[in-house]
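Have a look at the structure below, then the notes.
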Amino acid sequence: MAEPASGYATDLGLYSPEELTMVPEGALSLSRGCGNPTGFADLQPGEAVVDFGCGGGIDVILAAQKVGSSGRVIGVDGTPQMVEQAWRNVGEAAFGDPFIDLRVADLATTGLPDGSADVVISNCVINLCPDKDAVYHEVFRVLRPGGHLAISDVVLTEEL
0 MAEPASGYAT
10 DLGLYSPEEL
20 TMVPEGALSL
30 SRGCGNPTGF
40 ADLQPGEAVV
50 DFGCGGGIDV
60 ILAAQKVGSS
70 GRVIGVDGTP
80 QMVEQAWRNV
90 GEAAFGDPFI
100 DLRVADLATT
110 GLPDGSADVV
120 ISNCVINLCP
130 DKDAVYHEVF
140 RVLRPGGHLA
150 ISDVVLTEEL
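See below:
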């Protein structure tokens, strides 16, 4: 990949320069994350990862780099256009392997099997969901026993 252009994901310093070179410009330009969950999720080769609110695919691509083709990465987003763009970005990042899957679904009802993920990641999306309790219920339903959630999000710390 070429040196990334200036933009939201690059200007905030959320991702390392090395990570940014792995991600197509299309994914970087669409990113509105507020952190880097793949940076602290301790992803391991062979793990199954689900990205709740995958957007244009930046964290799907970075997770795929870490889990490799022996793992599996599933990105879920409620917006069909974002999933279409994520597929383009995944293809541009040369991840045509079947270990990546992208789906359009409500984050509170993903349709994923119980206990199918070692790790769930999410980057500044759950705060946008009207029923956060339902989304967290879905996250923990999808996680295997002993699995973990790595989330970057915004929270309210005082009354508005």
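What the sequence shown shows, in numbering that gives the first Met the number 0, is residues 0 to 159, in sequence order.
Don't be surprised by glycine CBs; every beta carbon is placed ideally from N, CA and C.
- prompt: Can you tell me the Cα-Cα spacing of A63 and N88, whole angstroms?
  reply: Counting from one through the sequence shown, the residue named residue 63 turns up at place 64. Counting from one through the sequence shown, the residue named residue 88 turns up at place 89. Each residue's alpha carbon lies about 13 Å from the other.
query: Roughly how many whole angstroms lie between the Cα atoms of L61 and L42?
result: Along the sequence shown, read from residue 1 onward, the residue named residue 61 stands at position 62. Along the sequence shown, read from residue 1 onward, the residue named residue 42 stands at position 43. CA-CA distance, L61 to L42, rounds to 10 Å.
- prompt: In three-state DSSP terms, what is T108?
  reply: The count along the sequence shown starts at 1 and reaches residue 108 at position 109. Under the three-state reduction of DSSP output, T108 falls in the strand class.
message: Assuming V75 is part of the beta strand (DSSP E), what are its boundary residues?
response: Indexing the sequence shown from 1 puts residue 75 at position 76. Taken as a continuous stretch (DSSP letters only), the beta strand (DSSP E) holding V75 covers 71-76.
field: Identified DSSP bridge partners for A100
entry: Within the sequence shown, numbered from 1, the residue matching residue 100 stands at position 101. What sits at residue 100 in the sequence shown is Asp, not Ala. D100 pairs with I73.
Expected contact under 8 Å - CB spacing of E137 and T109 to nearest Å: Here the question's residue 137 lines up with position 138 in the sequence shown. Here the question's residue 109 lines up with position 110 in the sequence shown. Going by Cβ atoms, the distance from E137 to T109 rounds to 6 Å, so yes, they are a contact pair.
With 16 other Cβ atoms within 10 Å as the buried cut-off, status of S151: For the purposes of this step, residue 151 is taken as the residue at position 152 of the sequence shown. Buried is the call here.
query: Under 8 Å between the Cβ atoms of G74 and A85?
result: For the purposes of this step, residue 74 is identified with residue 75 of the sequence shown, where counting begins at 1. For the purposes of this step, residue 85 is identified with residue 86 of the sequence shown, where counting begins at 1. In contact: G74 and A85 (Cβ atoms closer than 8 Å).
- prompt: How would you call G90, buried or exposed, if buried means at least 16 neighbouring beta carbons within 10 angstroms?
  reply: Start at 1 with the first residue of the sequence shown, and residue 90 comes out as number 91. Exposed is the label assigned to G90, since fewer than 16 other Cβ atoms lie within 10 Å of its Cβ.
query: Going by alpha carbons, who is nearest to P162 out of L148, G54, S121, R140?
result: Outside the displayed range of the chain (0 to 159) lies residue 162, so it cannot be described from this structure.
field: Opening and closing residue of the beta strand (DSSP E) in which G145 lies
entry: On the sequence shown, residue 145 is found 146 positions in, with the first residue counted as 1. From DSSP, the beta strand (DSSP E) with G145 extends over 142-151.
- prompt: Looking at the unbroken alpha helix (DSSP H) that takes in I57, where does it start and where does it end?
  reply: Your numbering for residue 57 matches position 58 in the sequence shown. Where I57 is concerned, the enclosing alpha helix (DSSP H) stretches over 57-66.
- prompt: Expressed to the nearest angstrom, what Euclidean distance is found between the alpha-carbon atoms of S68 and F98?
  reply: On the sequence shown, position 69 is the one that residue 68 refers to. On the sequence shown, position 99 is the one that residue 98 refers to. Rounded to whole angstroms, S68 to F98 spans 6 Å at the Cα level.
field: Whether F51 touches V124 by CB criterion (8 Å)
entry: One-based indexing of the sequence shown puts residue 51 at position 52. One-based indexing of the sequence shown puts residue 124 at position 125. Yes, the Cβ-Cβ distance between F51 and V124 is below 8 Å.
- request: Could you work out which residue in P44, I120, D105, V22 is closest to A92 when comparing CA atoms only?
  value: Position 93 of the sequence shown holds residue 92. Per the Cα distances, V22.
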